[in-house]
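Residue numbering for the sequence shown follows our numbering, starting at 17 and increasing by one per position.
C-beta: ideal position from N, C-alpha, C; glycine also.
Note that the structure is predicted; figures quoted are calculated from it, not measured.
First up is the structure itself, then whatever we jot down about it.
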Amino acid sequence: MIEKVRVHEIAKELGIASKDVLEKAKKMGLEVKSAQSVVTMEQAEGLANFIMNGEPIQEIQKEKESPKAKNDTPKKEEAPQVEKKLQETEPSTKETKEILKEEPSKSEVSQTDLKKDETTKEESVKDKAQIKSEKNTSSIKVVEPVAARQIKKTGLKIVKKKKPKQEEVYEAPKKQAPVSSYGKVSAEVLEELAQKKKSKQSSAPTRKKETGTKIDIFGGSMSEVSMDMDDQVTLLDLNSTERAPLPAEEPRKPRTPKPIGRNANKRQAPRGRRVSRDKRKKYIKPNQEEEIVTHVEIPEDIRVYEFAEAIKRPMSEVIKVLFDLGLMMTKNDFLGNDEIEILSEEFDVEVTIVDPKDAFNYEEDLAQDIEKDPDATKRPPVITIMGHVDHGKTSLLDAIRKAKVSEGEAGGITQHIGAYTVQQNGEAITFLDTPGHAAFSHMRQRGTDVTDIIVIVVAADDGVKPQTLEVIKIAKESGAPVIVALNKMDKETAQPDMVKGQMAEHGISPVDWGGDVEFIPVSAKSGMGIDDLLENILITAEVLELRANENAMAKATVVESSLEKGRGPVATVIVQNGTLKVGDYVVCGSSYGRIKALIDENNKQIKSLLPSYTAVVVGLNEVPASGEVMMAMESDKEAKEYAQKRHEYDRHIELSHSTKSTLEDMTSMIAEGKLKSLKVVLKTDVHGTLEALKESLSELRNDEVKINIISSGVGGITENDVELVSNSENCVLLGFNVRPTGSVKALAKQKNVDIRTYSIIYKLLDDITMMLTGMMAPKFTEENTGQAEVRDTFKIPKGMVAGCVVVDGKLVRGGMVRVIRDGVVIYEGELTSLKRFKDDVEEVGNGYECGVVISGYDDVIVGDTIETFKKIEQKISL
Ligand SMILES: Nc1nc2c(ncn2[C@@H]2O[C@H](COP(=O)(O)OP(=O)(O)OP(=O)(O)O)[C@@H](O)[C@H]2O)c(=O)[nH]1
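Below, the structure written as structure tokens:
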């Protein structure tokens, strides 16, 4: 009797949907209708081959029609029988037979493999133990060789053929490209994959030879098949390169189902993890159509879903494997080293842990040790002026530069970092003008990165203020020397000693008090002490021995960036080493380009920029973030490569972050669901302001409302921005120092989009705070007016009149009412009418009788208490 097997059983064994098996079976010409349809073992075998390798085995179908073939019992067939059977098939299979003669049959291969598996079993266990111990001592994953792992595989499974070795007839597939460390496939990888696909297609005819061989995929009756390890039959690994070159005359042994590999002694093995590992095997069979990843480079911090993406396997499979290990992990959980190790083994993927930042760390790649550079010469100091709002930072800088910068500033507040170089007695000093508003605190911190000396401005008439303390903290953290400018000394109310005392309390002790910080009395208004301040700066710089090599490849830092009409992305940079020249190829974070122009602070085009000098760089492909390091490169290609890698990384982080914030945990998700948010599309003139505003806006939140910046960018308001806002609910378009143009305005009007533009940060923040408070649910307090006892009730057409006597306070009309029975509130609603005798009254005082009708409620009974109260809305603030 012919052994038969159902379609769904084949599907189950192959780990694919019955539907797909059915489809393939039909393509092969098998008469199957549903998942319950049966096929012979030979047909199953052919079908499996077809599904796995994409080649139908014609002879299976033919056999089905051949009475001889029908009478053959394929159970535990031996290779000679296979050959015999093939000789008996129709002439049309002649070609296949010839091919078969050329190559060893799969059955032969299988027997040898079984033997091989058995002999290598012990070795592989040993290997594994060794590898385990190695892995435990290292965070970098060293995955055992693919071949070793194949041998260890056990259980009922259909193993895919690994890439064949290069032979005359075989076209060797291209080497598997490691998947990008970010789980995303780079353009190069994609290209390689595309080529691989092509080569696969072109090699299809040669593969037909391989699949023309008859194999017993189930090794006997399906009824014998179960997931119990003792009954397991190991199927041929058609992908194994080891097995192909076996000689055809290899003696064949009958295949008997028996356990092999590391699970062979399952019963003796300790229970728990090992057992669950066996179970896991069924999850890790790769779908035939899926690409097999054999090597992957991943970052150390990787989430479950990112790992699944990297190895190109369904996330559910990865989660299942972890689950079977007793690890309840969700897709967003980070994998530890142990989990990565286990997963790499289970999915047969060699894992290399890499720091993704290494790929684009040009600063490190091109590190310049100025300290040891013999060609380094003296460079000017870079000064950052910091201080509390309105203590006179801009005025001081103006006084130094003899220019009135603050006059042109909107609202009188410095909006972003500016950088200027001044000359004092023939020596250059570069100043970074950092703004005083709290929104810029992290920009200030960034400013210290390139700062040699920090000047803390304190108004002598005002003393130490919160932002002064913040600045002291930043200065201490940066380790840069500090000079205190005691400003507004022209004022009568100036108390320099008071300021010195306050500063000393916070660890900034004046030199004349025995400390180490110079306190220079100045007046930005009168110009008093300015020279003294500059002299002191130069003396301090002298001590610092600031040096740079003008001939080195340029390294600069972006202090400010924006998108300018006609110029495109521009960045104000301060050179730290080398000389930045027009024509230089540069990389700057994720942006790169060739410097088209350098424009100095006086708006003049210059050819080159020396260390500690600042200028605006034109020629980048996109706006870089402030604080980003710009480096000159040998070629455009090199710069582009770094930038692209960084771009890819940034994108990954962005995606990763967005998933993280939305799925942090169930509880917070529920909470977020209740949370009302104001969506914001934000456009600003410069990058620094954008970041500062984003930070300040994100701080405007409480348990109930929050800001959700759905889009932000540097540059003018565009029609796209308007479209985005019009398609979102509760969304507002904010512009800072940018204005909508004619067509954008028209579209906004048409789409009813409200564009709010500002030029003063606190005005923007105030407005948004107002909007948010408007969105918050009103908060009410309750004012009880009085209570009355129900003494009688009368039914009327409109409901029930409760005849009451006021016992406390007064009953008031127009408010809310509650019915209390035995101390329990049984109803709360509105008071419909309040009457004294037949007259409607506004209120009824204590001790008086009245009639009360409650809207929609007529179950009042004698003895109830009726209470009137008012809800008073509270003013809400964030
Ligand atoms: N009398 C007097 N007034 C000064 C002096 N320096 C600055 N001011 C005034 O103080 C106010 C604030 O000065 P700014 O230079 O704008 O202060 P700032 O610290 O740069 O302020 P933000 O940019 O808002 O952080 C202005 O009205 C100045 O005219 C000074 O030395 N003497």
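Measuring straight from C-alpha to C-alpha, what distance separates Glu-521 and Asp-477?
By 1-based counting over the sequence shown, the position of residue 521 is 505. By 1-based counting over the sequence shown, the position of residue 477 is 461. So the alpha carbons of these two residues sit roughly 18 Å apart.
According to DSSP, is Asp-374 helix, strand or coil?
Position 358 of the sequence shown, counted from the first residue, corresponds to residue 374. Helix at Asp-374.
Gly-704 - containing alpha helix (DSSP H), residue span:
As a position in the sequence shown, residue 704 is number 688, starting the count at 1. Membership of Gly-704 in the alpha helix (DSSP H) is indicated by the continuous run 703-715.
C-alpha gap between Gly-845 and Phe-810, whole angstroms
Your numbering for residue 845 matches position 829 in the sequence shown. Your numbering for residue 810 matches position 794 in the sequence shown. The straight-line gap from Cα to Cα measures roughly 19 Å.
Could you give the DSSP three-state label for Tyr-774: helix, strand or coil?
Counted from its first residue, the sequence shown places residue 774 at position 758. Three-state result, Tyr-774: strand.
Determine the extent of the beta strand (DSSP E) in which Gln-592 is found, giving its start and end residues.
For the purposes of this step, residue 592 is taken as residue 576 along the sequence shown, with counting starting at 1. Gln-592 -> beta strand (DSSP E) spans 584-593.
Excluding the 5 residues flanking Thr-700 on each side, which residues of the same chain have their C-beta closer than 7 Å to its C-beta?
Position 684 of the sequence shown, counting from 1, holds the residue named residue 700. If we look at Thr-700 and ignore the five residues flanking it on each side, its Cβ neighbours are Leu-706, Leu-709, Val-730, Phe-752, Asn-753, Val-754.
Here's the rule I'm using: 16 or more other beta-carbon atoms within 10 Å means buried, otherwise exposed. How should Ser-651 be labelled?
For the purposes of this step, residue 651 is taken as the residue at position 635 of the sequence shown. By the neighbour-count criterion, in which 16 or more other beta carbons inside 10 Å mark a residue as buried, Ser-651 falls on the exposed side.
Is the beta carbon of Leu-502 less than 8 Å from the beta carbon of Pro-397?
Taking the first residue of the sequence shown as 1, we reach residue 502 at position 486. Taking the first residue of the sequence shown as 1, we reach residue 397 at position 381. Going by C-beta atoms, Leu-502 is not nearer than 8 Å to Pro-397.
By alpha-carbon positions, which one of Val-822, Arg-717, Ile-842 ends up nearest to Met-787?
Position 771 of the sequence shown holds residue 787. The candidate whose alpha carbon is nearest that of Met-787 is Arg-717.
What residues are listed by DSSP as bridge partners for Val-869?
Numbered from its first residue, the sequence shown carries residue 869 at position 853. Beta-bridge pairing by DSSP links Val-869 to Val-817, Ser-849.
With three or more C-beta pairs closer than 8 Å as the rule, is the segment 571-590 touching the segment 623-639?
The segment 623-639, when compared against the segment 571-590, does touch it at the 8 Å Cβ threshold.
Please confirm if Leu-716 has its CB atom under 8 Å from at least one CB of chain B.
Here chain B cannot be found, since the structure has a single protein chain.
Counting along the chain, where does the beta strand (DSSP E) carrying His-311 start and finish?
Counted from its first residue, the sequence shown places residue 311 at position 295. Where His-311 is concerned, the enclosing beta strand (DSSP E) stretches over 311-315.
Quick test of your reading: Val-898 and Asp-364, contact by CB under 8 Å. State the CB separation rounded to the nearest angstrom.
Lying outside 17 to 894, the shown extent of the chain, residue 898 is not represented and no answer is given.
Collapsed DSSP secondary structure at Arg-395 in the structure displayed:
As a working mapping, residue 395 is identified with position 379 in the sequence shown. Annotated three-state conformation of Arg-395 is coil, per DSSP.
Is the segment 602-620 close to the segment 757-772, with three or more CB pairs under 8 Å?
Too few Cβ pairs lie closer than 8 Å, so no.
For Asn-567, three-class secondary structure by DSSP:
Taking the sequence shown and counting its residues from 1, one reaches residue 567 at position 551. Note: Asn-567 maps to coil in three-state DSSP.
What is the DSSP secondary structure of Ser-411, counted as helix, strand or coil?
Taking the first residue of the sequence shown as position 1, residue 411 is located at position 395. Reduced to three states, the DSSP call for Ser-411 is helix.
Buried/exposed call for Lys-131, threshold 16 Cβ in 10 Å:
Here residue 131 refers to the residue found at position 115 of the sequence shown. Residue placement at Lys-131 is flagged as unreliable, the pLDDT there being 43, under the threshold of 50; a coordinate-derived value is accordingly withheld.
Buried or exposed for Thr-10, going by 16 or more other Cβ atoms inside 10 Å?
Within the shown structure, residues of the chain are numbered from 17 to 894, placing residue 10 beyond reach of any answer.
Using the Cα positions of Thr-227 and Val-645, report the straight-line distance between them to the nearest angstrom.
If you number the sequence shown from 1, residue 227 lands on position 211. If you number the sequence shown from 1, residue 645 lands on position 629. Because Thr-227 sits at a pLDDT of 33, beneath the cut-off of 50, its placement in the model cannot be relied upon, and the point is left open.
Take the Cβ of Phe-447 as the centre, count every other Cβ of all protein chains shown within 10 Å, and call the residue buried at 16 or more, exposed below.
Walking along the sequence shown from the start, residue 447 turns up at place 431. Note on Phe-447: 16 or more other CB atoms within 10 angstroms of its CB, so buried under the neighbour-count rule.
According to DSSP, is Leu-626 helix, strand or coil?
Locating residue 626 in the sequence shown gives position 610, counting from the first residue. Of the three classes helix, strand and coil, the one that applies to Leu-626 here is coil, per DSSP.
Here's the rule: buried if 16 or more other CB atoms are within 10 angstroms of the residue's CB, otherwise exposed. What is Leu-46?
Counting from one through the sequence shown, the residue named residue 46 turns up at place 30. Buried, because 16 or more other Cβ atoms sit within 10 Å of the Cβ of Leu-46.
Which residue or residues does DSSP assign as beta-bridge partners of Val-878?
On the sequence shown, residue 878 is found 862 positions in, with the first residue counted as 1. The partner list for Val-878 (beta bridge, DSSP) is empty, contrary to what the question assumes.
Where Pro-640 falls: helix, strand or coil (DSSP)
Translated into positions along the sequence shown, residue 640 becomes position 624. Three-state DSSP puts Pro-640 in coil, outside helix and strand.
Would you say the beta carbon of Val-474 comes nearer than 7 Å to a heavy atom of ligand 1?
On the sequence shown, position 458 is the one that residue 474 refers to. Result no, Cβ not under 7 Å from ligand 1.
Can you find a heavy atom of ligand 1 that lies under 7 Å from the Cβ of Gly-545?
Residue 545 sits at position 529 when you count from the first residue of the sequence shown. Incorrect: Gly-545 has no Cβ contact closer than 7 Å to ligand 1.
If you measure between the beta carbons of Met-569 and Met-544, is that distance less than 8 Å?
As a working mapping, residue 569 is identified with position 553 in the sequence shown. As a working mapping, residue 544 is identified with position 528 in the sequence shown. No.
Range of the contiguous beta strand (DSSP E) that encloses Glu-617:
For this step, residue 617 is matched to residue 601 along the sequence shown. Counting along the chain, no beta strand (DSSP E) covers Glu-617, and no H or E run does either.
Considering Glu-650, what are the terminal residues of the alpha helix (DSSP H) in which it resides?
In the sequence shown, residue 650 corresponds to position 634, counting from 1. Here Glu-650 belongs to no alpha helix (DSSP H), and DSSP marks it neither H nor E.
Beta-carbon proximity check, Ile-314 vs Ala-326, cutoff 8 Å:
Counting from 1 along the sequence shown, the entry for residue 314 is found at position 298. Counting from 1 along the sequence shown, the entry for residue 326 is found at position 310. Cβ atoms of Ile-314 and Ala-326: closer than 8 Å.
Under 8 Å: do the segment 325-344 and the segment 626-633 share three or more Cβ pairs, one atom per stretch?
The segment 325-344 is not in contact with the segment 626-633.
Out of Glu-859, Glu-316, Gln-803, Lys-42, which has the shortest C-alpha to C-alpha gap to Ile-356?
The residue labelled residue 356 in the question sits at position 340 within the sequence shown. When each option's Cα is compared against that of Ile-356, the closest is Glu-316.
Can you give the Cα-Cα distance for Asp-770 and Glu-711, rounded to whole angstroms?
If you number the sequence shown from 1, residue 770 lands on position 754. If you number the sequence shown from 1, residue 711 lands on position 695. About 22 Å.
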